[in-house]
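Enquirer: Would you mind keeping the following structure in view while I ask a few things?
Numbering (the numbering used here), first residue to last: 370 to 634.
Printed below as a string of C-alpha cells:
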C-alpha cells in the first residue's frame with residue numbers, strides 16, 4: 370500500500386507535524402498545498418500525476434471550543450449539506466482496517482510519550498471530496514496545541530509506525546462495521562475500536578440523524594471492505610428515533626449490534 374501525506378502551508382498544526390516527520394527521516398512522500406485541507410477538492414488527481422498513492426493521510430489541526438488537549442483521527446465526507454468542503458450527501462472512501470490501525474497506534478504512541486493529550490476518533494465530517502481512501506489525523510483544539518512540538522512528534526511517530534507496520538492488518542480477522550449514534554467524540558466507539566473484534570469504517574453521530582436510505586447505501590458503498598454489521602449506540606437514540614433507524618436498516622440485511630453487546634471488557 371502506497372501512502373502520501375498532505376498538509377496545508379496555512380495550517381500551523383500540519384506544518385508542525387511535517388517538521389517532525391522530516392526530523393524522523395520519514396520516507397513517505399509529503400505533499401504541501403496552499404489552500405485549507407477541507408477545500409482541497411480532488412487533490413488525489415493532482416497527487417496521482419506524481420505518485421500513484423493508494424491512501425492519503427491529511428495532517429491537520431483540530432479546532433473546537435472544548436479546552437481539552439486532543440489528538441484525533443477521523444474519516445471524512447458529508448451526510449447532509451457540505452458546509453465545510455466536499456460534496457453534499459457524499460462520503461469519501463474509508464478503509465476500516467487502516468483507520469483502526471492508525472487509531473490504535475495513536476493511542477499507544479500517546480501513552481508511551483507520557484502525554485497529557487486525550488486521544489479520540491471523531492464522527493465522520495467535512496471535506497475535501499476525493500476518490501481515494503483517506504483519513505484526517507489532527508492536533509487540537511487551539512493554536513497553543515497546534516504549535517506544540519511534542520504533539521507534532523506524537524502524530525509524526527504515529528504516521529510512520531502505522532505505515533511501517535501496515536502489513537500486520539492483512540491477517541487481522543476483524544468484523545467490518547459502521548458506527549451509528551452517540552456524541553461527536555464517540556467514547557463507546559473509541560473503546561470498541563481499541564479492542565480486537567471490530568474495525569469501524571465510518572461513524573454517523575446522533576446529530577447527523579435522521580439519515581435516509583441513500584445515506585445508508587453510501588456508508589456501505591464507501592467502505593472499502595465488505596461491511597458485515599452496524600454498531601448502534603443504543604441509548605443515544607430516543608425510542609421513536611431508534612425505531613425509524615431499525616426500520617431503515619432492515620433493507621441492508623446486515624446484523625445490528627448494540628455497542629454494549631460489542632464491548633469485550
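All C-beta atoms, glycine included, are put in the ideal place defined by N, C-alpha and C.
Only a predicted model underlies this, so the values are computations on that prediction, with no experimental measurement involved.
#1: Excluding sequence positions up to five away, which residues of its chain have a Cβ less than 6 Å from the Cβ of residue 423?
#2: Counting only runs of 4+ residues fully inside the region 530-616, write out the alpha helix (DSSP H) ranges in chain order.
#3: Relative to the C-alpha of residue 442, which candidate in 388, 408, 604 and 531 has its C-alpha closest?
#4: Going straight from the alpha carbon of residue 488 to that of residue 539, what length do you get?
#5: Given this structure, state the Cα-to-Cα distance separating residue 461 from residue 503, to the nearest angstrom.
#6: Starting from residue 472, trace the alpha helix (DSSP H) in both directions and tell me its first and last residue.
#7: Hey, quick one: how far does the alpha helix (DSSP H) through residue 392 stretch, first residue to last?
#8: In angstroms with no decimal places, state the Cα-to-Cα distance between residue 457 and residue 494.
#9: If residue 567 sits next to residue 561, beta carbons under 8 Å apart, how far is it from one beta carbon to the other, in whole angstroms?
#10: Alpha carbons only, please: which of 394, 450 and 486 is nearest the one belonging to residue 439?
#11: Write down the C-beta distance between residue 427 and residue 406 rounded to the nearest angstrom, noting that I regard them as a contact closer than 8 Å.
#12: List the whole-angstrom C-beta distance separating residue 552 from residue 575, where the pair is believed to meet the contact cut-off of C-beta under 8 Å.
#13: Residue 629 lies in the alpha helix (DSSP H); which residues open and close that run?
#14: Quick one: Cα of residue 533 to Cα of residue 500, how far?
#15: Measuring CA to CA, which of 617, 589 and 592 is closest to residue 581?
#16: Using a threshold of 9 Å, state whether the C-beta atoms of residue 491 and residue 572 are closer than that.
#17: Find out if the Cβ-Cβ distance for the pair residue 389, residue 544 is shorter than 9 Å.
#18: Let me make sure I understand the geometry here. Which of 522, 588 and 508 has the alpha-carbon closest to that of residue 430?
#19: Reducing DSSP to helix, strand and coil, say where residue 521 ends up.
#20: On the CB-based measure, 16 or more other CB atoms within 10 Å of its CB, does residue 591 come out buried or exposed?
#21: Under 9 Å between the Cβ atoms of residue 373 and residue 528?
#22: Mind checking which residues open and close the beta strand (DSSP E) that includes residue 491?
#23: I'd like the span of the beta strand (DSSP E) that includes residue 402, first residue to last.
#24: Which two residues bound the contiguous beta strand (DSSP E) that contains residue 439?
#25: In the DSSP assignment, find the unbroken alpha helix (DSSP H) run with residue 507 in it and report its ends.
Expert: In short:
#1: In its chain, beyond the 5 residues on either side, 370 and 371 have a beta carbon closer than 6 Å to the beta carbon of residue 423.
#2: Runs of the alpha helix (DSSP H) inside the region 530-616: 556-563 and 582-590.
#3: 531
#4: 24 Å
#5: When rounded, the separation of the alpha-carbon atoms in residue 461 and residue 503 is 8 Å.
#6: 465-481
#7: 381-392
#8: 11 Å
#9: Cβ atoms of residue 567 and residue 561 come within 8 Å of each other, at about 5 Å.
#10: 486
#11: 5 Å
#12: 7 Å
#13: Counting along the chain, residue 629 sits inside the alpha helix (DSSP H) bounded by residues 628-631.
#14: 24 Å
#15: 617
#16: yes
#17: In this structure, the beta-carbon distance from residue 389 to residue 544 does not fall below 9 Å.
#18: 508
#19: helix
#20: Residue 591 counts as buried, since at least 16 other C-beta atoms from the protein chains shown sit within 10 angstroms of its C-beta.
#21: no
#22: First-last for residue 491: undefined, no H or E at that position.
#23: For residue 402, the uninterrupted beta strand (DSSP E) segment begins and ends at 399-402.
#24: 439-443
#25: No alpha helix (DSSP H) holds residue 507; the beta strand (DSSP E) holding it covers 503-509.
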